[in-house]
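Letter by letter, the sequence shown follows residues 0 to 449 of numbering that gives the first Met the number 0. Using N, Cα and C, we set each Cβ at its ideal position, and we do this for glycine too. Down below is the structure, laid out as structure tokens.
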Amino acid sequence: MERLSCFKAYDIRGRIPDELNDELAYAIGRAFCVVFKPRRVVIGRDVRLTSQSLSAALAQGLMAGGANVLDLGLCGTEEIYHAAFTLDVDGGIVVTASHNPMDYNGMKLVRSGARPISGDTGLNDLHDAVIRGVYSDPPQRGSYAPMDHRAAYIEHLLGYVDHQELKPLKIVVNAGNGCAGPVIDALEPHLPFQLVKIQHEADGSFPNGIPNPLLPENRPVTQKSVLASGADLGVAWDGDFDRCFLFDEQGDFIEGYYVVGLLAEAFLGKVPGARIIHDPRLTWNTIDLVEASGGRAIQSKTGHAFIKERMRTEDAVYGGEMSAHHYFRDFAYCDSGMIPWLLVADLLSRTGRPLSDLVRSRMLKYPVSGEINRRVNDPAALLASVLTVYGPDALRIDRTDGISVEYDNWRFNLRMSNTEALVRLNVETKGDVALMQSKTAELLARIDHA
């Protein structure tokens, strides 16, 4: 039988109902019990209109396989992570499609301790068990219990900030009608911030469009609100809020790359000499800041499973990707969309400096193109041809993820998508915006004519 298309490299994701449906969700629950033999599993779901029925079917499958189910109900992905490393459970599953189109849904899965389940750590085995469909009935059917774990999760989040230092900042918070709203409401009484809430109500019909602030067309609503309210900071989340996106007091969107450097520097102020993990797409700003702060910058392949594994190996205090995924040792090396903005608010409070001031010099020192995607017929052939042209004069070539080609004053990373016939380009220079723009245009011309 051919492979189920909803099983991806790191998670389960597909179109409803032809690629993922209640019947398959039940089978995934049964197969999870066969592969991982859990006693207890914590589950939750995002706000999508199909998530409740998928979650219910998943729970039935888990219970039929003998697992006791703890159901957090509507929650963010990181709430499942938190439950998986603080509760006595053997795994966690959240039903979510994050920022995918309206007719999609999916699942993210972890073991106890919130260790990721991806292709080479059990997800392929789970797929094969679903395909086989052979399940033996356990001695006893598992139980089901709804659970409110949010108070413990909120207490954990609050541990990242110094409450004595926090100032009464005005912060625009845009939940995008996803799952972030209820968590913001739970945090609010514990913080001195004045929160300006937009697109706040959790609504699976997504009346304002799918929450994905990485898309430029989704940013103006947050930008305008920051300017209209005179806010110190703007924060917007994707649907399951495992990523947050920041806007400074002038309404300008801050590339995730510069936030990585900002958080790395902040952690090194608290944990001198610590290791910081970063991805290969854009690197110079992060390496510069980490080394200047006495830390050690370590490169990892892009992707949450790779970052988390390398963080555990290195005992790194923090890891960041330019795509706005931020990982924390004290959060079981998992990514969080709530911890970063709290840390930035803490930084604004302690320094008394606006966010634009904290990042402007870094943006000028290392200007970037931002990630640019192009669809091509043969991504591997394109990478080979680009390397033939740019490789001979390069100071350094790195193949950690795609190709990173480095010169004295500019560098680029070109990599293939894991799931589509796309290539992704990132260019950065040392203080030369015109060079960054010209080299980006030069590379895009070569890509477009491939």
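Tell me whether the beta-carbon of residue i lies closer than 8 Å to the beta-carbon of residue j.
i, j, result
"Gly-121", "Gly-65", "no"
"Ile-253", "Val-129", "no"
"Thr-95", "Val-171", "no"
"Tyr-283", "Lys-429", "Here the sequence assigns Trp to residue 283, which means Tyr is not the residue at that position. Against a cut-off of 8 Å, the Cβ pair of Lys-429 and Trp-283 comes out as a contact."
"Arg-274", "Ala-315", "yes"
"Thr-76", "Lys-36", "no"
"Gly-177", "Asp-239", "yes"
"Ala-63", "Ile-42", "no"
"Lys-307", "Pro-145", "no"
"Ala-323", "Arg-218", "no"
"Ile-276", "Gly-318", "yes"
"Asp-321", "Asp-377", "It is Met, not Asp, that sits at residue 321 in the sequence shown. Taking 8 Å as the Cβ cut-off, Met-321 and Asp-377 do not qualify as a contacting pair."
"Gly-294", "Asp-237", "no"
"Asn-67", "Arg-39", "yes"
"His-126", "Arg-2", "yes"
Between the alpha carbons of residue i and residue j, how many angstroms are there, rounded?
i, j, result
"Phe-356", "Gly-233", "The question names Phe, yet the displayed sequence has Asp at residue 356. Roughly 15 Å separates the two Cα atoms."
"Leu-281", "Gly-158", "30 Å"
"Gln-193", "Pro-167", "7 Å"
"Ile-338", "Leu-156", "6 Å"
"Ala-235", "Asp-251", "13 Å"
"Ala-113", "Gly-13", "23 Å"
"Val-426", "Tyr-134", "51 Å"
"Val-385", "Arg-445", "8 Å"
"Pro-511", "Ile-15", "Because the chain in this structure spans residues 0 to 449, residue 511 falls outside the shown range and cannot be described."
"Ala-179", "Arg-44", "12 Å"
"Glu-164", "Leu-342", "12 Å"
"Lys-223", "Phe-246", "10 Å"
"Gly-268", "Trp-409", "29 Å"
"Phe-84", "Pro-210", "27 Å"
"Leu-381", "Asp-392", "18 Å"
"Arg-349", "Glu-264", "14 Å"
"Asp-87", "Ser-335", "21 Å"
"Asp-202", "Val-388", "50 Å"
"Asp-345", "Val-358", "15 Å"
"Ile-436", "Leu-443", "In the sequence as presented, Ile is not what sits at residue 436; that position holds Gln. Taking the straight line joining both Cα atoms gives about 11 Å."
"Val-289", "Tyr-143", "47 Å"
"Glu-18", "Asp-89", "27 Å"
"Phe-327", "Cys-333", "6 Å"
Among the options, which one has its Cα closest to the Cα of residue i?
i, options, result
"Tyr-9", "Ile-79, Leu-57 and Asn-123", "Asn-123"
"Phe-330", "Arg-12, Glu-78, Ala-449 and Tyr-25", "Glu-78"
"Val-225", "Pro-210, Glu-248, Cys-243 and Gly-203", "Glu-248"
"His-148", "Asp-102, Ala-82 and Lys-196", "Ala-82"
"Cys-74", "Ile-116, Arg-110 and Tyr-152", "Tyr-152"
"Pro-191", "Gln-198, Val-289, Phe-84 and Asp-161", "Asp-161"
"Glu-441", "Met-415, Phe-411 and Asp-202", "Phe-411"
"Asn-173", "Gly-208, Gln-139, Pro-391 and Glu-154", "Gly-208"
"Pro-212", "Leu-3, Ile-11, Gly-105 and Asn-99", "Asn-99"
"Phe-6", "Val-68, Ser-117 and Ser-335", "Ser-117"
"Gly-255", "Arg-361, Arg-295, Arg-352 and Lys-196", "Arg-361"
"Pro-181", "Leu-71, Arg-359 and Arg-295", "Leu-71"
"Gly-91", "Met-101, Leu-69, Gly-60 and Ser-97", "Leu-69"
"Ser-228", "Phe-205, Ser-204 and Ile-197", "Ile-197"
"Ser-204", "Val-109, Pro-215 and Thr-49", "Thr-49"
"Ala-291", "Thr-312, Phe-266, His-303 and Glu-313", "Phe-266"
"Met-415", "Asp-431, Ala-379 and Lys-438", "Ala-379"
"Gly-105", "Val-46, Leu-125, Arg-311 and Ile-11", "Ile-11"
Name the two residues that bound the continuous beta strand (DSSP E) containing residue i.
i, result
"Thr-428", "421–428"
"Cys-32", "Not the beta strand (DSSP E): Cys-32 falls in the alpha helix (DSSP H), residues 21–35."
"Met-415", "409–415"
"Lys-169", "169–173"
"Pro-145", "143–145"
"Ser-403", "402–405"
"Asp-70", "67–73"
Identify the continuous alpha helix (DSSP H) that holds residue i and give its terminal residues.
i, result
"Leu-181", "Looking at the sequence itself, residue 181 is Pro, so the reference to Leu does not match. That run of the alpha helix (DSSP H) goes 179–186."
"Ala-150", "149–157"
"Pro-339", "338–350"
"Gln-480", "Since the displayed the chain opens at 0 and closes at 449, residue 480 lies outside it and no answer follows."
"Met-62", "50–63"
"Ala-291", "283–291"
"Ser-493", "Residue 493 is absent from the model: the chain starts at 0 and stops at 449."
"Met-310", "303–313"
"Ala-383", "378–389"
"Tyr-80", "76–85"
Touching by the beta-carbon criterion (3+ pairs, under 8 Å), the region 185–194 and the region 19–33: no
Given 8 Å, three or more beta-carbon pairs between the region 368–375 and the region 259–274: no
Cβ contact (3+ pairs, closer than 8 Å) linking the region 287–301 and the region 386–403: yes
Sufficient close CB pairs (3 or more, under 8 Å) joining the region 370–384 to the region 407–424: yes
Touching by the beta-carbon criterion (3+ pairs, under 8 Å), the region 52–63 and the region 7–24: yes
Three CB pairs or more closer than 8 Å across the region 379–396 and the region 404–413: yes
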